[in-house]
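Sequential numbering of the sequence shown, starting at 48, is according to this note's numbering.
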Amino acid sequence: MDADRVANELPPRFGGILLGSLIAANFNSTADQQITIFSNPSKYIIRRIVVTNASASLTTAAGGIYTAVSKGGTAVVASSQAYTTLTGSTLFLDLTLNTSGSANITVKSSIPNLYLSLTTAQGTAATADVYVYGDIVTL
């Protein structure tokens, strides 16, 4: 069975899918953390980024998601994004996508990964999972 298909349909025909993830992201670090995009599609559109499974209450952590290291490239999520609603492991937060430059954030294969880069660390040990959802335009 081809993992990139559902019956005879390719991903672009059946809507949003999990594009990538970062499990146990360190929310007590301002270092770049790579969010691996699966299957390396040649073009995809980011529709939603979800953070969940926080190991501690994220009362201080703030920061964004970028297309390049060192807060470079395009800010997919702004550097001011707060995570304060994540007070336990069973909660989730839909991050606010930065669409000021375009209606949809389209990424090409020349940018195979995204990067979580906090501007403010939590101050104590804290982790959470980050999931990127969207549409594959071309494989």
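Quick reminder that beta carbons are idealized off the backbone N, C-alpha and C, glycines included.
None of these values were measured; they are calculated from a predicted model.
Can the beta-carbon of Gln80 be found closer than 8 Å to that of Asn87? no
How many whole angstroms separate the CB atoms of Thr166 and Ser126, which I take to be in contact at a CB cut-off of 8 Å? Between Thr166 and Ser126 the beta-carbon gap is near 5 Å, inside 8 Å, which marks them as a contact.
Please state the DSSP three-state secondary structure of Thr77. coil
DSSP three-state label for Gly35, please. In this structure the chain extends from 48 to 186, so residue 35 is not present and cannot be described.
Does DSSP put Ser32 in a helix, a strand or coil? Residue 32 lies beyond the range of the chain shown here (48 to 186); nothing can be said about it.
Below 8 Å on the Cβ atoms is my guess for Gly63 versus Asp182; work out the distance and round it to an integer in Å. That pair is a contact at about 6 Å.
Gly110 burial status per 10 Å Cβ neighbour count (16 or more: buried): buried
Locate the beta strand (DSSP E) running through Ala109, then write down its first and last residues. 109-115
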